[in-house]
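Residues 1171 to 1297 in this note's numbering are what the first sequence lists, from first letter to last.
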Amino acid sequence: MKRQQKAKESLQKILPSGNKENDFFQQVWELVRQIPKGRVTSYGAIAAALGLKSGARMVGWAMNSSHGQKPVVPAHRVVNRNGQLSGKNHFATPTLMQELLEKEGIRIQDDTIINFSQHFWDPQQES
DNA sequence: CCGGTGACTCTAT
DNA sequence: TATAGAGCCACCG
């Protein structure tokens, strides 16, 4: 639990100069930002796109740090492999994620995206 | 250096 | 079909 707070604080360090801008987090944020409106992707897909075979958790960690990022990170467009809004609890409000997705034309039922595969956006496909 | 944790995913029972 | 356990990488103290 405290890890998240610490992680957020650590984020403060990577923002200033002299740090590794190529940080894993930055990569994730950048990729997430490239997600087209009305589309969604999974942590595993992002992790794979970054070269992490099973680093889905790291992606989630990056999302945690994405809170308050200057370039808005549409973390709401990132869901688990099941299309469930697993991270909705980490947003400003648990319902914010769903609201944002619905605003983009995505139907959500039971915290799960309907026709997830249809809205799914492959990070590698953007290239 | 080592242990613990995490917005995940897969495999096994 | 559902539940349980292990694997995975990165970061912190």
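The beta-carbon is built from N, C-alpha and C at its ideal position, and this holds for glycine as well.
What you are looking at is a predicted structure, and each value in this text was computed from that prediction instead of being measured.
* To do: Can you say whether residue 1253 is buried or exposed, counting buried as having 16 or more other CB atoms within 10 angstroms of its CB?
  => In the first sequence, the residue the question calls residue 1253 occupies position 83. It is buried - the Cβ of residue 1253 has at least 16 other Cβ atoms within 10 Å.
* Asked: Quick one, are the C-beta atoms of residue 1199 and residue 1239 less than 9 Å apart?
  -> Numbered from 1 along the first sequence, position 29 holds the residue referred to as residue 1199. Numbered from 1 along the first sequence, position 69 holds the residue referred to as residue 1239. Yes, Cβ-Cβ distance for residue 1199 and residue 1239 is below 9 Å.
* Should the region 1213-1221 be regarded as contacting the region 1260-1271, the criterion being three or more beta carbon pairs within less than 8 Å? -> no
* Flag this pair as yes or no: are the beta carbons of residue 1248 and residue 1212 separated by less than 9 Å? => Walking along the first sequence from the start, residue 1248 turns up at place 78. Walking along the first sequence from the start, residue 1212 turns up at place 42. Contact: yes.
* Asked: Just checking my contact of residue 1233 with residue 1245 at CB under 8 Å: how many whole Å lie between their CB atoms?
  -> Residue numbering aside, residue 1233 sits at position 63 when the first sequence is read from its first letter. Residue numbering aside, residue 1245 sits at position 75 when the first sequence is read from its first letter. Contact flag correct, Cβ pair sits at about 5 Å.
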